[in-house]
Structures are given as structure tokens and as C-alpha cells.
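Student: Heads up, the sequence shown is in the working numbering, so the first residue is 67 and it goes up one at a time. In this text, a Cβ means the ideal position worked out from N, Cα and C, and glycines have one as well. Next up is a structure, given as C-alpha cells.
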Amino acid sequence: MIFVSGGVRSGKSKKAEELVQRSEGERHVYIATSRITDDEMRERVNLHQKARRDAARPWVTIEQANNFHELVPKLKKTDVVLVDCATNWMANELFIDAQSWEDHQFCQSILEKMKQDLLAITSCVKEVVVVSNELFEGDVPDEATEVYMRLLGSFHQFLVEESSTAGVMEYGLFKVKKEAIVL
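In C-alpha cells form, the structure reads like this:
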């Protein structure tokens, strides 16, 4: 697994796409986790879709906002998978309804479910690249966001632990924090 994090619009998705495109996988599978909630999100999704259409090697795109265990039967041992992004995936799982985030046991079960789902995917494909946002600076506006950020931080620690390579995009540069890239 390779973990690519960074701030909003840091170039992390583009870098992750480059890493997958350089791989020797039979299929390049893009797991898109975003839900279109407004015009800005629609524009960002459109840009990502255009980048995939213009790529040197074709992408197989699977739109999956949550319940990643459902993906395992759709994947092949020779696939290289890009999950873009863990930030949206976590929000999609956690905020299933307006109050779910208030239940500590529910939150912990979501974290464990995401870990297990990702490990299941990793075990059935050649390589996985996971993208996520760095959200850990500045003020926390409310309790729901604080719970979300804590869970995301725990998930990031898990991702780094499980990854062969982990790095951060800063100003368009990929700074490797753990080992070398192997695809």
C-alpha cells in the first residue's frame, strides 16, 4: 500500500494517479468516494473524470461512497487500485445520519470496519494507493468535526503503519516520509 496525503488542492490526487499509471498492473481501478453535494464538488469531480479520460492507460472507475467490502468480488489479483479519498470515505461512513457520530461505539466500529475493508482489498490486488486530506491544523468548529478528525487521524496512523510508502504532498512536491515507492 502507498499512502499519499496533503492539504486541499496540493496535487495529491494527481500524484497518486501518476503512481498508479506507472505501475505494471493489468487494470488501473479508481475507487471514487465523493458524493456530489454542490456545484464546487461537481466541478472537482468533473476535473478528476477528465484527467482519467485523458490518461495514457485506461481507468476502470468504481463509484463507491462506503461499504468497501462490496468491492472485493469486483477486483482482480493483477489490479492496482486508487482510493480517492479516505477523507470522503470516512465522512460517508461516519455521518450516515445526523446523530450517528455521537455514539462512541458506532464511531469505533466504523474505524475498525474501514481498516478491515481496506485490508481485504489490499489482500486481493497487486497494489493499493490511498489518498487523504490533512485536516489537522486550525480551529475545530464543532464537536462532530472533532470526532471526525480524531477518527481520521487514527485511520491515517493505520494507513502509514500498513503502507510500504507514505508521503505528503506539499506545494506540488511529494515528500516521502516512509520508505521507497514500489509498484
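Compute the Euclidean distance between the alpha carbons of ALA82 and VAL196, then round it to the nearest angstrom.
Tutor: Taking the first residue of the sequence shown as position 1, residue 82 is located at position 16. Taking the first residue of the sequence shown as position 1, residue 196 is located at position 130. The alpha-carbon atoms of ALA82 and VAL196 are separated by roughly 8 angstroms.
Student: Do PHE240 and LEU184 have their CB atoms nearer than 8 angstroms?
Tutor: Counted from its first residue, the sequence shown places residue 240 at position 174. Counted from its first residue, the sequence shown places residue 184 at position 118. The answer is no: Cβ separation not under 8 angstroms.
Student: If you count every other CB in all the chains shown that lies within 10 Å of the CB of GLY72, and 16 or more means buried, which is it?
Tutor: Here the question's residue 72 lines up with position 6 in the sequence shown. Burial call: buried.
Student: What residues match up with LEU148 in a beta bridge as DSSP calls it?
Tutor: As a first step, residue 148 is located in the sequence shown; it is residue number 82 there, counting from the start. The partner list for LEU148 (beta bridge, DSSP) reads TYR96 and VAL195.
Student: By how many angstroms is the C-alpha of PHE221 removed from the C-alpha of GLU212?
Tutor: Taking the sequence shown and counting its residues from 1, one reaches residue 212 at position 146. Taking the sequence shown and counting its residues from 1, one reaches residue 221 at position 155. GLU212 and PHE221: Cα-Cα distance of roughly 14 angstroms.
Student: Alpha carbon to alpha carbon, how far is ALA157 from HIS170?
Tutor: Here residue 157 corresponds to residue number 91 of the sequence shown, with the count starting at 1. Here residue 170 corresponds to residue number 104 of the sequence shown, with the count starting at 1. Straight-line Cα distance between these residues: approximately 15 angstroms.
Student: Using the three-state DSSP reduction, which class does GLY233 fall into: helix, strand or coil?
Tutor: What you label residue 233 is simply residue 167 of the sequence shown in a count that begins at 1. If DSSP states are grouped into helix, strand and coil, GLY233 belongs with the strands.
Student: Relative to the C-alpha of GLU90, which candidate in GLU193, GLU200 and ARG216 has its C-alpha closest?
Tutor: For the purposes of this step, residue 90 is taken as residue 24 along the sequence shown, with counting starting at 1. The residue with the shortest Cα to Cα distance from GLU90 is GLU193.
Student: In its own chain, which residues sit with a C-beta less than 8 angstroms from the C-beta of ARG110, not counting the 5 before and 5 after it?
Tutor: Here residue 110 refers to the residue found at position 44 of the sequence shown. Excluding residues within five positions, the ones whose Cβ falls inside 8 angstroms are SER100.
Student: Give every residue of the same chain whose Cβ lies closer than 6 angstroms to the Cβ of SER79, excluding the five residues on either side of it in the sequence, and list them in chain order.
Tutor: Taking the first residue of the sequence shown as 1, we reach residue 79 at position 13. Once the five neighbours on either side are set aside, the close Cβ partners of SER79 are ASP150 and VAL197.
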